[in-house]
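Report on one structure; see the data block that follows.
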Amino acid sequence: MKQAKKRYWKGLEELRNDSEFVKHADKEFPEYLPMEEQSGGGSNSRRDFLKMMGFGISAATLAACEAPIRKAIPYVVKPVDVDPSIPNYYASTFIDGGDYCSIVVKTREGRPIKIAGNTRSAVTYGATSAQVQASVLSLYDKQRLQGPLMNGEPTSWEQLDADVKKKLSRGGNMALVSYTILSPTTQNAIDELLAAYPGMKHIQYDPVSADGMLAANEASFGKAALPTYNFEKADVVVSFGADFLGTWIAPTTYSSQFVKTRKPTEANPTMSRHYQFESALSLTGANADYRSQIKPSQDGAAVAQLYNLIASKVGGSRVNAPDAGEVKFLEKAANDLLKARGKSLVVSGSNDPAVQGMINAINNLLGNYGKTLDIDNPAYYRKGNDRAMEQVVSQITEGQLKGIIFYNCNPIYDFYQGEELGQALSNTDIAVSTSDRLDETAALSTHVAPDHHFLESWNDAMPRRGQLSLMQPTITPIFNTRQAQSTFLTWADSPETDYYTYLRNSWRDAIFITQGDAINFDIFWDQALYEGILEALPRPLNQGEDSSENSSAASFVGNVNSFASSISKNYSGSNEGLELVLYQKVGIGTGRQANNPWLQELPDPISKACWDNYVAIPQRMAREFGLKMREGKTKKARVTVGERSVVLPVLVQPGQAPGTISVALGYGRTKAGKVADEVGQNAYPLATKVNGYTAYYNTDVQLELLDEEYRIAQTQTHQTYMGRETVIQDALLSEYKEDPKAGRYEFKVESHDGPKDPSDISLWKGHRYPNHHWVMAIDLNSCIGCGACVVSCQAENNIPVVGRQEVINRREMHWLRIDRYYSSDEEQVEDPDYNKLEIASDNPEVTFLPMMCQQCNNAPCETVCPVAATTHSSEGLNQMTYNRCVGTRYCANNCPYKVRRFNWFKYHDNQQFSDVNVAMNDDLGKMVLNPDVTVRARGVMEKCTFCVQRIQAGKLEAKKQRRPLVDGDIKSACDDACPVDCMVFGDLNDPNSRVSQLINQEKEGRAYHVLHEIGVSPNIWYMTKIRNKDAEEEINA
Amino acid sequence: MEVTSAVRKPLVTGGKTVHDVTVDVCRRVEEKPTITWFLAVAASLGLLTVGFYAVFRTLWDGIGMWGLNKTIGWAWDITNFVWWVGIGHAGTLISAILLLFRQRWRMSINRAAEAMTIFAVISAAMFPVLHMGRPWLGAYWNLPLPNTFGSLWVNFNSPLLWDVFAISTYFTVSLVFWYIGLIPDFATIRDRAQGIISRTVYGALSFGWNGSARTWERYEAVALILAGLCTPLVLSVHTIVSFDFATSVIPGWHTTIFPPYFVAGAIFSGFAMVLTLMLITRKVYKLEDYITINHIEMMNIIIIVTGSVVGVAYITELFMAWYSGVEYEQYAFLNRATGPYWWAYWTMMTCNVISPQLFWIKKIRTSIVATFILSIIVNIGMWFERFVIIVTSLHRDYLPSSWAMFQPTIYDLGVYIFTIGLFFTFFFMFAKFFPVINMAEVKSIIKATSEKAPVVQETGTTTLPEEEMAPTASKN
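Residue numbers (this note's numbering), protein chains in the order written: chain A, 111 to 1147; chain B, 45 to 520.
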């Protein structure tokens, strides 16, 4: 084969075989490329280029994938006292009509997120209530008005002012209607407005009135004011329908006083005795030692009879009292009262001056004035006058009123003549409301000048003679609202229309001058603001009922016989008809904060129902109807009072007095907002008049059971504790005196070396807690079941609200609940029948059991989680890692206390819950969320953490200050809110902590673990419930 | 002394030859699907679609779509899970344990029973995933995977984790066992296949099976090893499932009797389900000669035995509740029988304890209609057993304040329907495309001549009368 000699060449260089060419022959581009030199090493190849290109493109693509930045606005100029993530606390005051509480507001980054009690207050002692705790959410209510309205159209403040002034200055009869004004400076501002428009009168009323009491005190002592009570000093308390622990006048104050007498210890095994005579089972009745069921028509007669029983012993004159019928324990109460003269207290929730006069007479006979109650230092919680308000209504109806101003009140809804008022309101030329929302009254008003929320406002308050407190804003006003006082001053053409300056001026003029030791007003003012409270008597600022500094000791001048004769007319023990009682619920109260979902979802402490009012009927009546409630399933009924009737679901209520039914006020709002509208029915129009005063009961009522089915949302549908002694342990005081362990159920496990305590036998090695060991002790005897802790926990821990349907589905999210158990007649039986054990007694004993995660040392939930999302901390906490949880719910199933809560849905940013869970569904509501606590995702488990964020914050603070943690540095939210101090939280490893001392002291006494026998070794101790009864057989009647 | 065994009744009737077996079984794979099959698949797919909507809503909106609540964290989900797992016991039991015990009658039913096992375990496995709040994470967080999340590891104390291992092991071994058994039959279909597609597909599925003595030897060895592996699994799976309950503190769950009781219950329900499906397959595919009355009777006897074990377990639980003296335990059982869910308890008792006892009567246990009805009743009863254990124990446990009732929603039902649809879709696909009877094995128990054997009348007895003793019909 001939070899090919031909040679092919690519270029002349190759042909020539240049040395330059040979050098570069193996390169891809043999010719000289300038690129290489520029890039330095000459190592760049096409491959590098592609790498760079690939990296560049993918980097650019990835950068484009990044989520857009959303509304993260840093402080350009940081406010001096606002540090991100550092909370600030401001002392302030909660005022809602006549309701008062001295508070401390926690703010984060300039927004209030939590309310705690102000412990420096001599009025509320640092106590709070559910309503106070929840009020912070009302601030962020989207239904609040965002600016002034004129004839339903948005307007500017200038136009509104001009128009209002023009119309007011036409003169004629006018009225300014408000609830009780607790603030002396507000009263000044109102007085300036009245002075500017001479035809204007100021009328105060209260949704639930105490004007009968004011009248009785006027008649008895010449002072139309409420006495200051001191339940702390009373060994025997007798209450006729006054729910002083729940809703009557100033329950936070009274409950914290009362409970101080209810803490027996081994060293001092004494406690007060409490009798309650009432119709509907109230929170107070549930906590009474002796509870007697009476009908409202018996009430006055029973009071008169008690008077006679006491008068006959102490030598007073008897009165002609009507026969009260059989009132159980009345004589016993009289005897106990007589034994505790000067150390007892009789109160009544009646609004009949004759009854209240008689109560005054009893307290007077017992020598209680100046000891357990004090009329010389009166309280100002209620100043309303219903008859004056009625006059306003009749004047409007007759067209005599030219103008009316509603100062933060809503009489069309909450005054019993509201309907008439609403119909006649168009008779006026001008109707102005300062309501924060377009409520029932504001909607019919021509002008709305929305007031600030109290957390945006300056104000002061004098709840009681000599006790002042200041309200300060904790956030800049969210909307274009204006403080009502400023509005009044503007309309009055006052030289000072800025209310802050006005307030300062009035404090300078009236209070500062009384303070001898204060050097400079600014220092005094700052100090007062810091404290939130001040004990001082202002110089006469106003010419109200009590301006006299030298208040002399008043003596009882009431005419007992005239009271008695009035009582004879209105009360007897022989009314056979059905009677209706109107009451307030602990959460919703008068309905002012009805649009607050935390309060709507707070279960009623007694019925455990939420999101509704209903007609409570006694068990006996239910048996007659053949009505059995199962899982909240019930029927509706029509309640007819005269010409009015309402249709409400029926709730079978143990403890409801036979022959009576009860309906809660505060529901049936129509224009409160998305949360409250159409929830329940308005019961205010069902109120009547007895002895000329509003009576919150009616003695002539028809109840007709309808066939319509209904389901009430209840968080607890099983009423009794089934005789389970590991759950509820209680004893009588007499037994406790003999044996501090009385009522304790001490289960022992039989073993080869004798009986053993269940906690001594364990498969587990146990945990070591080298630093802290967080535990809690809960005194069942102190817990009154008020629910302040439940709302506090909800606010602190960002707990979602789920709404009525989800509560019906039994999926409420509360980490802390208060179990309420009724006693059953069957518990007394030797070998009880379980079916009968499920049925509560007709007038049961009630026990409240606050229940949250027990932080078990041998936690059954921890072992079963497949992904170890719930684990034990080195400080004894059973901790939940939300982002590890996959949601098998095994832990919840295996929890013997059933305290774990599952996120069945996405509760935040979800249309389905936007109407109820407002705190997580709109930008405004979200401002209330606690930034220290995660908002949990759908599908994860959550539960009480002992407020681990507070524990961490407390530890951090101590560390920063280079000191060991001190007892009291850390308080859980529930402990913090509790008005009765029934919870003690602390470190068991610290021998000096309150909780370890308490547990040490009570270990061989009242302290027990719920479900001790299953060996989970919880870290919450409960103290047995002690009832101050003489003998067990005296079951309530 | 001379011992002569009784002549056993042929396990396959109708005098089938080897060729008949091949034709009878392969025909179903080869022929065009019948209208009945299309209707059945359409119905299953319909259920699957309807059910898928419920699954979709559950995944999209959350577990809140179901009727669960704060007290009852598991209800239909875990009831269905345990029910399906229980059903999934029969196949492996038949193949493995009966293989070890040399029960040759199993040969004509084990293929379908194993298929049923696999589909039932797939249906069961839906629930542990779907019942999670965050299945997109839980699906892999429940596995001990090395990860970069830090020191995150699974909790080996949790019975749910044991479940993950138990179920996945069981599923894997059952699947392999089933597939190994299918290989010779796939090869048969491959060899008979006319079309290019079926030849390719079945060729691939048969893994190059050539039928040589060596492959047969390996086949037998693998089958025996897998049978040995499967046997403990049959017992362990439901034992471990029962630990979910037995290791808890909830009265009614916290019981040491659960492992044997659950295993017996599983076999009980598994056999019932096998019967239900077999009776239909037998009828539709005209397999009466392979799945004989004899088979049905044998399985009914197993149902009597396991049903009675379950019954004894129920009564033992009641006795222990009384004897323990534990108040909560006593209440839990009293509440089961007389509480708000009494109807569920008595449904369970009737279906599981009383109804299988009817099989003592020979007429009933050899009646196809009665067996079919009772097999369904048993599975209803076993569903209620799990419902009773889960829901009635949870709904009233320690603190009466939390006592609640469970109300299923349409989504609970929907997810259940989804798994039923899934199961039957799989099963019908299997019935069409796979040989429903293990041809290779069945061929070993018929006369290996090319002639038709004389037809033996079905007598419904398990052994022939004494006088018919004759030399054993060996398998050739």
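Quick reminder that beta carbons are idealized off the backbone N, C-alpha and C, glycines included.
Pairwise C-alpha distance: residue j and residue i
i	j	result
Phe200 of chain B	Leu843 of chain A	50 Å
Arg1104 of chain A	Asp1091 of chain A	12 Å
Val939 of chain A	Asp952 of chain A	16 Å
Ala334 of chain A	Gln367 of chain A	24 Å
Ser139 of chain B	Ile224 of chain B	12 Å
Gly997 of chain A	Val974 of chain A	12 Å
Thr325 of chain B	Tyr246 of chain B	22 Å
Leu247 of chain A	Ile213 of chain A	15 Å
Ser596 of chain A	Glu1052 of chain A	46 Å
Pro276 of chain B	Gln401 of chain B	28 Å
Arg150 of chain B	Ile340 of chain B	11 Å
Arg702 of chain A	His562 of chain A	15 Å
Three-state class that DSSP yields for residue i in the structure shown
i	result
Asn228 of chain A	coil
Gly236 of chain A	coil
Ile822 of chain A	coil
Asn1040 of chain A	coil
Gln374 of chain B	helix
Val1094 of chain A	strand
Thr780 of chain A	coil
Cys211 of chain A	strand
Asn198 of chain A	strand
Ser489 of chain A	A small fix is needed here, since residue 489 of chain A is Ala in this sequence, not Ser. Strand, per DSSP.
Glu955 of chain A	coil
Cutoff 8 Å: residue i Cβ touching any chain B Cβ
i	result
Gln593 of chain A	no
Ala534 of chain A	no
Gln826 of chain A	yes
Pro970 of chain A	yes
Phe958 of chain A	no
Interface flag, residue i vs chain A, CB-CB below 8 Å
i	result
Met170 of chain B	no
Asp456 of chain B	no
Met449 of chain B	yes
Gly95 of chain B	no
Glu373 of chain B	no
Thr123 of chain B	no
Trp390 of chain B	no
Pro190 of chain B	no
Proximal chain B residues relative to residue i, where beta-carbon distance stays under 9 Å
i	result
Asp1025 of chain A	The contacting residues do not exist; Asp1025 of chain A stays about 16 Å from chain B at best.
Arg921 of chain A	Gly108, Leu112, Asn113 and Lys114
Selection from the options that minimises the alpha carbon distance to residue i
i	options	result
Ile771 of chain A	A:Asp810, A:Lys743, A:Thr798 and A:Tyr777	A:Asp810
Ala498 of chain A	A:Ser288, A:Leu1066, A:Met572 and A:Ala471	A:Ser288
Pro308 of chain A	A:Gly802, A:Ala411, A:Pro868 and A:Gly513	A:Gly513
Ile162 of chain B	B:His133, B:Leu189 and B:Asn186	B:His133
Within chain B, partners of residue i - CB distance below 8 Å
i	result
Thr290 of chain A	Here the premise fails: no neighbours, minimum Cβ distance about 38 Å.
Within chain B, partners of residue i - CB distance below 7 Å
i	result
Thr973 of chain A	Asn201 and Ser202
Contacts that residue i makes with chain A (C-beta to C-beta distance below 7 Å)
i	result
Asp333 of chain B	Near Asp333 of chain B there are no residues of chain A at all, since even the closest Cβ is about 48 Å away, more than 7 Å.
Ile557 of chain B	Chain B is shown only over 45 to 520; residue 557 of chain B falls outside these bounds and no answer can be derived.
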